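**Student:**
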Amino acid sequence: MAGASDKARFYLEQSVPELQDLERKKIFLKEEVSSIAKKRSDFEHVLNARGSKPADYARYAEYEMNLETLRRKRVKRMSIKSKSYAGSRRIFFVLDRGTRKFQGDLGLWMQYMEFARKEKSHKKLRRIISTVLSLHPTKPELWIYAAHYAMEDQADMRVARAYMQRGLRFCKRSKALWLGYAKLEMIYVAKIAARQQIMGLDHPQESKVEESSLDESHADKIALPDITAEDVNPKLANDESVDQTALQKLTSSPALTGAIPITVFDTAMKEFDNDAALAEKLFDMFSEFEQSPPALNILRHVQHMLQTHCPETLSCAVCLFRLPLIAVEPASEEFPVALGQSLDRLKQSSKEHPQISTELAERAVRTLLPFVQYQDLDDNIYRVLNVSIRQNLKTMAHGSGLDERVIAAIQRLEEEGRVKDASALTSYALKCWPSDARLQERKIAGSPVS
């Protein structure tokens with residue numbers, strides 16, 4: 001214990017000049033400085049004693065972060081000069097000690113990386129990322145974090161892709177990493193498309209996407225279509241004399257045709273033997289980027305794969321039903337046709353594959369609920385949606401009586417934060433089964449129906 005006390009005293013003595021400076025400049029009162037010193041003493045004794053835990057380091061770092069935030073606010077308000085690096089340096093020191101002692105605690109590593117990222121300490125963050133990846137190469141979330149940092153903070157997509165591909169060597173069977181890789185590519189496509197729109201080059205052009213395959217001679221890498229420096233020149237934004245020819249090449253480059261996300265999808269399907277559930281998750285993720293130029297092309301590619309290799313699966317039927325409605329506004333002229341096409345596909349799938357009709361009905365209801373709450377919806381469309389939702393509710397219930405599937409569907413919507421949809425589904429269920437006590441209780445206790 002004496003050794004722990006000596007260590008704690010040593011670390012505390014190092015902060016004395018800083019505390020004296022804070023008191024001298026009246027950033028903190030004498031009583032506040034005493035409180036800070038006592039709090040640090042308590043933390044240091046806990047950290048240097050036997051039995052310290054990662055949470056102790058996390059709490060200490062959190063305390064120092066809050067203290068540094070308060071110090072900066074007071075310095076700004078009082079318009080005085082004060083060393084700004086001391087607080088950050090102490091926080092880095094605490095987190096560095098914690099990650100050295102508990103190298104297996106990912107939560108502590110994430111806190112360390114997030115703080116370095118917030119402080120824009122890029123050199124330090126790159127060093128932290130390198131260390132944690134060498135210690136935990138089989139953790140997909142770390143590779144995803146590193147890739148997003150490279151793309152979002154460093155604007156270096158080549159490094160981001162390198163992180164993802166290195167991660168896949170260690171975590172080849174991680175579906176989360178494949179999803180993360182595909183999403184990274186979609187975010188990049190969206191960024192390039194947005195830039196092209198700003199430049200006034202968002203006119204659609206026909207472009208053929210060639211199917212890409214895994215290079216057998218480099219089995220640990222995904223063979224991506226090449227994007228040259230001329231395709232996406234990062235210096236264009238600062239150059240007043242923009243080369244319009246180079247910018248026009250963006251339209252036909254793999255960055256905008258969707259060739260790269262399609263390649264990632266195809267490679268994932270090869271790795272997981274055309275896993276329908278994974279394909280549906282990728283479909284869901286791609287649909288989040290519905291306004292991106294190649295999104296529909298990519299979604300059609302996913303649907304084609306499902307119809308070719310997994311035609312009898314629920315995932316295939318769900319994606320087939322959803323596809324016409326993606327990127328179509330409910331108030332647009334195209335919506336009635338798209339809705340009709342979706343409902344026809346739903347009916348056909350239920351007829352051809354009765355074994356999935358119950359689950360398909362629930363997925364259809366979940367898809368249609370947001371549309372029926374659209375304020376400017378045409379009356380005829382509203383009636384069609386109403387009828388379809390009620391019919392699918394009864395399919396879920398297998399007849400006249402209320403089935404637990406309906407209650408479970410409402411609960412799932414609530415758990416996902418779709419409160420309005422859950423309330424609307426409760427109202428629909430009450431119209432079908434008005435005497436059910438469970439639904440009446442939910443109606444009374446639930447959120448107001450929109």
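If you count by UniProt numbering, then the sequence shown holds residues 1 to 450, one letter each, in order. Each residue gets a CB set at the ideal place from its N, CA and C atoms; glycine is no exception. Because the structure is a prediction, the values reported are computed rather than measured.
1. Take E329 and list the residues in its own chain whose beta-carbon comes closer than 8 Å to its own, dropping the five residues that flank it on each side.
2. By Cβ distance, which residues of its chain are closer than 7 Å to A4, with the 5 residues on each side in sequence left out?
3. Whose C-beta lies closer than 8 Å to the C-beta of I80 among residues of the same chain, with five residues either side of it excluded?
4. Does D6 come out as helix, strand or coil in the three-state DSSP assignment?
5. Would you kindly report the start and end of the unbroken alpha helix (DSSP H) that includes H353?
6. Count the CB pairs spanning the segment 291–305 and the segment 335–345 that are closer than 8 Å, and state whether there are at least three.
7. Assign F43 to buried or exposed, taking buried as 16 or more other Cβ atoms, counted over all protein chains shown, within 10 Å of its Cβ.
8. Please report the distance separating the alpha-carbon of Y63 from that of Y145.
9. To test your reading of the DSSP string, which unbroken beta strand (DSSP E) runs of 3 or more residues are found completely within the segment 152–177?
10. Using only the alpha-carbon positions, how far apart do K235 and L256 sit?
11. Go through its chain and collect everything with a Cβ distance to A229's Cβ below 6 Å, but skip five positions before and after it.
12. Would you check if the distance between the CB atom of L278 and the CB atom of W178 is smaller than 9 Å?
13. State the CB to CB distance for the pair M164 and A147, rounded to an integer number of angstroms; the pair is presumed to be in contact (CB under 8 Å).
14. Does the distance from the CB of L108 to the CB of Y60 come in under 9 Å?
15. Give the secondary structure of G98 by DSSP, where H, G and I count as helix, E and B as strand, and everything else as coil.
16. Below 9 Å between beta carbons: does that hold for F321 and S287?
17. Helix, strand or coil, according to DSSP, for W109 in the structure here?
18. How about A268 and A160: are their beta carbons less than 9 Å apart?
19. For K38, report the span of its alpha helix (DSSP H) as first-last.
20. Cα-Cα, which of E23, S15, M186 is closest to R40?
21. In chain order, what residues of the same chain have a beta carbon less than 7 Å from the beta carbon of V94, not counting five sequence neighbours either side?
22. Does the Cβ of K139 have 16 or more other Cβ atoms within 10 Å, making it buried, or fewer, making it exposed?
23. From Q103 to M110, what distance separates their C-alpha atoms?
24. Report the CB separation of L413 from W433 in whole angstroms; it is logged as a contact under 8 Å.
25. What does the Cβ neighbour count give for D344, buried or exposed, with the cut at 16 atoms within 10 Å?
26. Cα separation between S134 and L142?
**Tutor:** A quick look at the data gives this:
1. As a working note, residue 329 is residue 329 in the sequence shown. Closer than 8 Å at the Cβ level, and outside the excluded window around E329, lie F335.
2. Along the sequence shown, read from residue 1 onward, the residue named residue 4 stands at position 4. Within the same chain, A4 has close Cβ partners H45, N48, A49.
3. Here the question's residue 80 lines up with position 80 in the sequence shown. Exclusion of the five residues before and after I80 leaves K25, I27 as the residues of its chain whose Cβ lies within less than 8 Å of its Cβ.
4. Here the question's residue 6 lines up with position 6 in the sequence shown. Helix, per DSSP.
5. Along the sequence shown, one-based indexing puts residue 353 at 353. Segment: none, H353 is in no alpha helix (DSSP H) and carries neither H nor E.
6. no
7. Locating residue 43 in the sequence shown gives position 43, counting from the first residue. F43 is buried by the Cβ-count criterion.
8. Mapped onto the sequence shown, residue 63 falls at position 63. Mapped onto the sequence shown, residue 145 falls at position 145. Going by the C-alpha atoms only, they are around 25 Å apart.
9. none
10. Counted from its first residue, the sequence shown places residue 235 at position 235. Counted from its first residue, the sequence shown places residue 256 at position 256. With a pLDDT of 45 at K235, under the threshold of 50, the modelled position of that residue is not reliable, and no figure is offered here.
11. As a working mapping, residue 229 is identified with position 229 in the sequence shown. Unreliable placement is indicated for A229, whose pLDDT of 40 sits below 50; the coordinate value is still reported in the next sentence. Correct list: empty, nothing qualifies.
12. What you label residue 278 is simply residue 278 of the sequence shown in a count that begins at 1. What you label residue 178 is simply residue 178 of the sequence shown in a count that begins at 1. Contact flag set, yes.
13. Working through the sequence shown from its first residue, we reach residue 164 at position 164. Working through the sequence shown from its first residue, we reach residue 147 at position 147. Indeed, because the Cβ distance is near 5 Å, the residues count as touching under 8 Å.
14. The count along the sequence shown starts at 1 and reaches residue 108 at position 108. The count along the sequence shown starts at 1 and reaches residue 60 at position 60. No; because the gap between Cβ atoms is not below 9 Å, this pair is not in contact.
15. Walking along the sequence shown from the start, residue 98 turns up at place 98. Reduced to three states, the DSSP call for G98 is helix.
16. Taking the first residue of the sequence shown as 1, we reach residue 321 at position 321. Taking the first residue of the sequence shown as 1, we reach residue 287 at position 287. Taking C-beta atoms as the reference points, F321 and S287 fail to come closer than 9 Å.
17. As a position in the sequence shown, residue 109 is number 109, starting the count at 1. Residue state, collapsed to three classes: helix.
18. As a working mapping, residue 268 is identified with position 268 in the sequence shown. As a working mapping, residue 160 is identified with position 160 in the sequence shown. Contact: no.
19. Here residue 38 corresponds to residue number 38 of the sequence shown, with the count starting at 1. K38 -> alpha helix (DSSP H) spans 30–48.
20. Within the sequence shown, numbered from 1, the residue matching residue 40 stands at position 40. Comparing Cα-Cα distances from R40 to each of E23, S15, M186, the minimum goes to S15.
21. Sequence index remark: in the sequence shown, residue 94 carries index 94 (1-based). Y57, Y60, A61, E64, listed in sequence order.
22. Here residue 139 refers to the residue found at position 139 when the sequence shown is read from its first residue. Around the beta-carbon of K139, 16 or more other beta-carbon atoms lie within 10 Å, marking it buried.
23. By 1-based counting over the sequence shown, the position of residue 103 is 103. By 1-based counting over the sequence shown, the position of residue 110 is 110. One C-alpha to the other measures close to 12 Å.
24. As a position in the sequence shown, residue 413 is number 413, starting the count at 1. As a position in the sequence shown, residue 433 is number 433, starting the count at 1. Going by Cβ atoms, the distance from L413 to W433 rounds to 17 Å, so no, they are not a contact pair.
25. Taking the sequence shown and counting its residues from 1, one reaches residue 344 at position 344. Result: exposed.
26. As a working note, residue 134 is residue 134 in the sequence shown. As a working note, residue 142 is residue 142 in the sequence shown. Cα-Cα distance, rounded: 11 Å.
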